[in-house]
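Visitor: In my numbering, the protein residues as written are 50 to 553.
Have a look at this one before I ask anything.
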Amino acid sequence: MTERNGGGRGEDRYNATDATERRGDEGTFREEAMAESIGAGSPEDVGQSTYAAGDSVRQTVGIGRSTESGSYTFPAFDDHHPPEKDLIDDCVHCGFCLPTCPTYVLFGEEMDSPRGRIYLMNKGLTEEPMNDQMVRHFDLCLGCMACVTACPSGVQYDKLIEATRGQVERRYERSAEDKAFREMIFQLFPYPNRLRLAAGPMRLYQRLGIRDRLRKSGVMNRIPSRLRAMEALLPDVPKEEKVPEVTPAVGEKRARVGVLLGCVQRVFFSPVNAATVRVLAAEGCEVVAPKQGCCGALSTHAGREEESLNFARKTIDTFENEDLDYFVINAAGCGSTMKEYGYLLRDDPEYAERAKAFSEKVRDVSEFLQQLGPRAERHPLPVTAAYHDACHLAHAQGVRQQPRQTLKQIPGMQVKEIREAEVCCGSAGIYNMVEPEPAEELGERKAKNILATGARMIVTSNPGCMLQIQASLKRMGHDELPMAHPMEVLDASLRGEPVETLLR
Ligand code: SF4
Ligand code: SF4
50 MTERNGGGRG
60 EDRYNATDAT
70 ERRGDEGTFR
80 EEAMAESIGA
90 GSPEDVGQST
100 YAAGDSVRQT
110 VGIGRSTESG
120 SYTFPAFDDH
130 HPPEKDLIDD
140 CVHCGFCLPT
150 CPTYVLFGEE
160 MDSPRGRIYL
170 MNKGLTEEPM
180 NDQMVRHFDL
190 CLGCMACVTA
200 CPSGVQYDKL
210 IEATRGQVER
220 RYERSAEDKA
230 FREMIFQLFP
240 YPNRLRLAAG
250 PMRLYQRLGI
260 RDRLRKSGVM
270 NRIPSRLRAM
280 EALLPDVPKE
290 EKVPEVTPAV
300 GEKRARVGVL
310 LGCVQRVFFS
320 PVNAATVRVL
330 AAEGCEVVAP
340 KQGCCGALST
350 HAGREEESLN
360 FARKTIDTFE
370 NEDLDYFVIN
380 AAGCGSTMKE
390 YGYLLRDDPE
400 YAERAKAFSE
410 KVRDVSEFLQ
420 QLGPRAERHP
430 LPVTAAYHDA
440 CHLAHAQGVR
450 QQPRQTLKQI
460 PGMQVKEIRE
470 AEVCCGSAGI
480 YNMVEPEPAE
490 ELGERKAKNI
500 LATGARMIVT
510 SNPGCMLQIQ
520 ASLKRMGHDE
530 LPMAHPMEVL
540 DASLRGEPVE
550 TLLR
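Encoded structure:
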């Protein structure tokens, strides 16, 4: 039975607490319940003692934001792909995932940890309604998958949260303001032509100095935090560098590959695409970049199931008949979703097999290059770079060594590791726009750790991370630190450019 209640929270057992309930000496009501459920004597026994957040985040998350609708739906999940009970039961509540979970690190709240969220999913299958508090804990998850890497029991939290988000988007009534903001994001970001239209006025806004004047006048501090966060993330919009539909291999052809151009990547980071194509061609690949749309990553990670599946189907249609050996992806979030197409389209009789075959050929660009082996001559680039692991590359795809290896194969290049590398920078798809306060805390934490390396530049493989880290460094007065994608670095080396090109 499904029941919707627009007014109260009825029998919600968390009714007496708010979504950001603080832990006192004896733990919150929820933590006590959690401790009891896993057979621990008290919340103190549940391994809560990781490095917890400053009060600033605890006090700001969710406060003053009208994301709550006051509705609840019982039971929380229907039978269209609920979080699977078998996967939930894989969690043995050991807590090894807690120190790597950014929201647990920030809030120190059990229900904002992977273990807590899995507990809520289990409750939602039969006992608990989907209500504001439950959704808040799911919304606060960045989907970074650090817990997947950390979990010794192989819990597939990625599948669990994806299923949960799909249920939330279908069954939970968000507030009108929240719905409108999310809709605006999804009517803009997956559509490069709309982004291009928006990029024109953005360039003027930046070049005419309006941005600086508004910031200095203090006007920006008076606009809603989500819009302020979007504005702060806005990069300098470069002139778009287009890539040809077909680029021939240099020398003997080793493979024919398709490249995904991405949406944000294509409009705001087009030099990354141009560099990727040049590198692949220099390494002996014929590169195909047909007219293409969004791969569906942003929608998939936000639980917009139908929309994401339509994007996936169209991407398969676009590339399928190009007779490609591999699909090469230079944006971490896009690559992880395309590797999942087989799973996402498993119910679709027309696409299930095709999607599976497609996914098997998807490679991150550094993963592909290491598989192929270097052939073109690398020229020296004497520089120290801090390499930032994008979560959807390191945690979701398990690609950690290949980008480092790609950089280390360049003579003179030194790669520095960043402390707390496994903790997300706060970008996480649309997270830094819909949850700006925790995203800012995580961004600044990451920026501090990057600065501590003393590196002269940052290298990372995801446009979202680039925007987030750039914005964080800027807020902290360090926007002088240059940033590049591994393919831009390798391209500079292959072309024999001076290192200053990267440091400008
Ligand atoms: S998700 Fe894995 S690491 Fe975390 S509590 Fe469950 S079993 Fe332990
Ligand atoms: S995906 Fe990231 S934020 Fe979400 S529970 Fe796992 S570690 Fe925490």
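From the three backbone atoms N, C-alpha and C, an ideal C-beta is built for every residue, glycine too.
When the Cα of residue 384 is compared with those of 415, 373, 277, 248, which residue comes out closest?
Guide: Position 335 of the sequence shown holds residue 384. Selected option, being the one with the closest Cα: 415.
Visitor: Leaving out the 5 sequence neighbours to the left and right, which residues in its chain are closer than 8 Å to residue 202 when beta-carbon positions are compared?
Guide: Position 153 of the sequence shown holds residue 202. The beta carbon of residue 202 is closer than 8 Å to those of 139, 140, 141, 143 in its chain, skipping five residues each way along the sequence.
Visitor: Can you say whether residue 288 is buried or exposed, counting buried as having 16 or more other CB atoms within 10 angstroms of its CB?
Guide: Indexing the sequence shown from 1 puts residue 288 at position 239. The residue in question, residue 288, is exposed, as its Cβ has fewer than 16 Cβ neighbours within 10 Å.
Visitor: Which residue spans inside the region 432-461 form an unbroken beta strand (DSSP E) run of at least 3?
Guide: Complete beta strand (DSSP E) runs here, min 3: 432-437.
Visitor: Which runs of the beta strand (DSSP E), 3 residues or longer, sit entirely within the region 353-398?
Guide: 375-378
Visitor: Based on the DSSP secondary-structure assignment, which residues constitute the bridge partners of residue 559?
Guide: The requested residue 559 is not part of the displayed model; the chain covers only 50 to 553.
Visitor: Once the 5 residues before and after residue 171 are set aside, which same chain residues still bring their CB inside 7 Å of it?
Guide: Residue numbering aside, residue 171 sits at position 122 when the sequence shown is read from its first letter. Once the five neighbours on either side are set aside, the close Cβ partners of residue 171 are 137.
Visitor: Leaving out the 5 sequence neighbours to the left and right, which residues in its chain are closer than 6 Å to residue 448 when beta-carbon positions are compared?
Guide: If you number the sequence shown from 1, residue 448 lands on position 399. So the qualifying residues of the chain are 413, 416, 442.
Visitor: Compute the beta-carbon to beta-carbon distance between residue 487 and residue 189, rounded to the nearest angstrom, for a pair I have assumed lies under 8 Å.
Guide: Here the question's residue 487 lines up with position 438 in the sequence shown. Here the question's residue 189 lines up with position 140 in the sequence shown. Correct: roughly 7 Å between the Cβ atoms.
Visitor: Taking the alpha-carbon positions, what's the residue 292 to residue 165 distance?
Guide: For the purposes of this step, residue 292 is identified with residue 243 of the sequence shown, where counting begins at 1. For the purposes of this step, residue 165 is identified with residue 116 of the sequence shown, where counting begins at 1. Going by the C-alpha atoms only, they are around 46 Å apart.
Visitor: Helix, strand or coil: which one does DSSP assign to residue 483?
Guide: By one-based count along the sequence shown, residue 483 stands at place 434. Of the three classes helix, strand and coil, the one that applies to residue 483 here is helix, per DSSP.
Visitor: Is residue 206 near ligand 2, with its Cβ less than 7 Å from a heavy atom?
Guide: For the purposes of this step, residue 206 is taken as residue 157 along the sequence shown, with counting starting at 1. Yes, since a heavy atom of ligand 2 falls inside the 7 Å radius drawn around the Cβ of residue 206.
Visitor: Buried or exposed for residue 241, going by 16 or more other Cβ atoms inside 10 Å?
Guide: Position 192 of the sequence shown, counted from the start, is the residue given in the question as residue 241. When all chains shown are included, residue 241 counts as buried.
Visitor: For residue 124, which option in 147, 150, 196, 217 has the closest C-alpha, if you only look at C-alpha atoms?
Guide: In the sequence shown, residue 124 corresponds to position 75, counting from 1. Each of 147, 150, 196, 217 was checked against the Cα of residue 124, and the nearest Cα belongs to 217.
Visitor: Which residue marks the beginning of the beta strand (DSSP E) containing residue 193, and which one marks its end?
Guide: Working through the sequence shown from its first residue, we reach residue 193 at position 144. Run containing residue 193: none; DSSP gives neither H nor E here.
Visitor: Across which residues does DSSP place residue 532 in a beta bridge pair?
Guide: On the sequence shown, position 483 is the one that residue 532 refers to. Per DSSP, 507.
Visitor: Mind checking whether the beta-carbon of residue 154 lies closer than 7 Å to any heavy atom of ligand 1?
Guide: As a first step, residue 154 is located in the sequence shown; it is residue number 105 there, counting from the start. Every heavy atom of ligand 1 is 7 Å or more from the Cβ of residue 154, so no.
Visitor: Buried or exposed: which applies to residue 257, given that a residue is buried once 16 or more other Cβ atoms fall within 10 Å of its Cβ?
Guide: On the sequence shown, position 208 is the one that residue 257 refers to. Residue 257 is exposed by the Cβ-count criterion.
Visitor: Run the proximity test for residue 191: is its beta-carbon closer than 7 Å to any non-hydrogen atom belonging to ligand 2?
Guide: Locating residue 191 in the sequence shown gives position 142, where the first residue counts as 1. Yes - ligand 2 has a heavy atom lying nearer than 7 Å to the Cβ of residue 191.
Visitor: Threshold first: 4 residues or longer. Then list the alpha helix (DSSP H) segments lying entirely within the region 132-196, N to C.
Guide: 134-138, 151-156, 163-175, 181-189
Visitor: Taking the C-alpha atoms as reference points, what is the distance between residue 169 and residue 154?
Guide: Locating residue 169 in the sequence shown gives position 120, where the first residue counts as 1. Locating residue 154 in the sequence shown gives position 105, where the first residue counts as 1. Roughly 19 Å between the two C-alpha positions.
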